[in-house]
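Visitor:
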Amino acid sequence: FQEYGLKPAPGMTGYLQTAGVIRHEPVAPSRRARWEVVGPEGAERITTNAIGWLQGSDPSAGVIMITAHLDHLGVRNGVIMHGANDDASGVAAVLELARTLAGGEQPKRSILFVCYGSEELGLLGSLYFARNSPVPISDIVANLEIEMIGQQDPNMPAGIMMMTGFERSNFGPALKERGALIAPDIYPDQRFFERSDNYQLALQGVIAHTISGWATIPSYHTADDTIENLDIPFMTRAIQSLVEPIRWLASSDFKPDWVEGGRPVPPEAQ
348 FQEYGLKPAP GMTGYLQTAG VIRHEPVAPS RRARWEVVGP EGAERITTNA IGWLQGSDPS
408 AGVIMITAHL DHLGVRNGVI MHGANDDASG VAAVLELART LAGGEQPKRS ILFVCYGSEE
468 LGLLGSLYFA RNSPVPISDI VANLEIEMIG QQDPNMPAGI MMMTGFERSN FGPALKERGA
528 LIAPDIYPDQ RFFERSDNYQ LALQGVIAHT ISGWATIPSY HTADDTIENL DIPFMTRAIQ
588 SLVEPIRWLA SSDFKPDWVE GGRPVPPEAQ
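Going by our numbering, the first residue of the sequence shown is number 348, and it counts up by one from there.
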């Protein structure tokens, strides 16, 4: 981010937001461990969000967020889990969009580029960000999360990514109208809208969606998720298709909104 000319986010002295991570042991052999994200003070384990800020010309126009997650599964049974698609592909997209947009004309809206930590432990990095955002949550106009764009789903039209929760707001249709290679999620029963980092902000009312090339890819969470198995031409076209729609959103007065019934309801309010 620094190399591309981005600055630390408001109130931050650097590009890293650090949180503590606590592991709670399973209450029964059949249950999984539970993870909790807290402040970094005194924590034995930490997670880190990388945040870059592109200042807009109009502070009152709001903020756009472009995000991905930078963590994966580490080593399992002595085997390195590379995570090239999940989600190094998304991080590459965030970095390339940051480089391209920072190198052009200053947008009206500011843009936050965020690469979250600890998504694989339960969306912990994005949860900590949502609780400790460097900008008011009410200032965030929209969030586009980029997740697993390294391969094309054979069940989608050629060259097209899916957007989770497409029908929940007018954000996806607006991006698609301006050239983004996206279409509705074809796996609504999988509830992908609730399973990626966009969800933590969506619960707070931010128009937030995830785009993905192939969310049900067989190499998901396996040792086969390597760079050799990425479709680089598809990934390149996917990223390129986002540049002008994001540039338009950053310089327009359009403010995405939920359709009736589209905003997710926090569990405690149900």
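Cβ atoms here follow ideal geometry from the backbone N, Cα and C, with glycine treated the same way. The structure displayed is predicted, hence computed values, not measured ones.
In this structure, what does DSSP give as the bridge partners for N490?
Guide: Paired residues: M412, A555.
Visitor: Would H416 be called buried (16 or more neighbouring beta carbons within 10 Å of its own) or exposed?
Guide: So H416 ends up on the buried side.
Visitor: By Cβ distance, which residues of its chain are closer than 6 Å to K523, with the 5 residues on each side in sequence left out?
Guide: Cβ within range, chain order: I529.
Visitor: Provide the residue span of the alpha helix (DSSP H) that contains S588, from first to last.
Guide: Unbroken alpha helix (DSSP H) run through S588: 579-598.
Visitor: Are the Cβ atoms of F513 and G506 separated by less than 7 Å?
Guide: Not in contact: F513 and G506 (Cβ atoms no closer than 7 Å).
Visitor: Does the distance from the CB of I533 to the CB of M412 come in under 7 Å?
Guide: Cβ distance not < 7 Å, so I533 and M412 don't count as in contact.
Visitor: Are the Cβ atoms of D572 and E494 separated by less than 7 Å?
Guide: Taking 7 Å as the Cβ cut-off, D572 and E494 do not qualify as a contacting pair.
Visitor: What whole-angstrom Cβ distance do M509 and P531 have, given they're in contact under 8 Å?
Guide: At roughly 7 Å, the Cβ-Cβ gap stays under 8 Å, so M509 and P531 are in contact.
Visitor: Would you report the Cα separation of P454 and E467, rounded to the nearest angstrom?
Guide: For P454 and E467, the distance between alpha carbons rounds to 33 Å.
Visitor: Within its chain, find whatever has a CB closer than 7 Å to the CB of L470; leave out the 5 residues flanking it on each side and keep chain order.
Guide: D544, Y546, Q547.
Visitor: Taking just the CA atoms, how far does W382 sit from P373?
Guide: Taking the straight line from one Cα to the other gives about 10 Å.
Visitor: Which one of F601, A570, Q551, S598 has the shortest CA to CA distance from V612?
Guide: Ranking the options by Cα distance to V612, first place goes to Q551.
Visitor: What is the C-beta distance between G560 and F581, in whole angstroms, given that I count them as a contact (C-beta under 8 Å)?
Guide: Confirmed, Cβ separation roughly 7 Å.
Visitor: Grouping DSSP H, G and I as helix and E and B as strand, with all else coil, what is S562?
Guide: The question names Ser, yet the displayed sequence has Ala at residue 562. Three-state DSSP puts A562 in coil, outside helix and strand.
Visitor: Pick from I393, A555, L596, E591: whose alpha carbon is nearest that of S516?
Guide: Checking every option, the nearest Cα to that of S516 belongs to A555.
Visitor: Does DSSP put I529 in a helix, a strand or coil?
Guide: Three-state DSSP puts I529 in a strand.
Visitor: Can the beta-carbon of V384 be found less than 7 Å from the beta-carbon of L474?
Guide: Contact flag set, yes.
Visitor: Do you know how far the Cα of E388 is from the Cα of R378?
Guide: Rounded to the nearest angstrom, the two C-alpha atoms are 28 Å apart.
Visitor: Could you tell me whether the Cβ atoms of D457 and G497 are closer together than 7 Å?
Guide: It should be noted that the sequence gives Ser, not Asp, for residue 457. No; because the gap between Cβ atoms is not below 7 Å, this pair is not in contact.
Visitor: Assign A570 to buried or exposed, taking buried as 16 or more other Cβ atoms, counted over all protein chains shown, within 10 Å of its Cβ.
Guide: Exposed, because fewer than 16 other Cβ atoms sit within 10 Å of the Cβ of A570.
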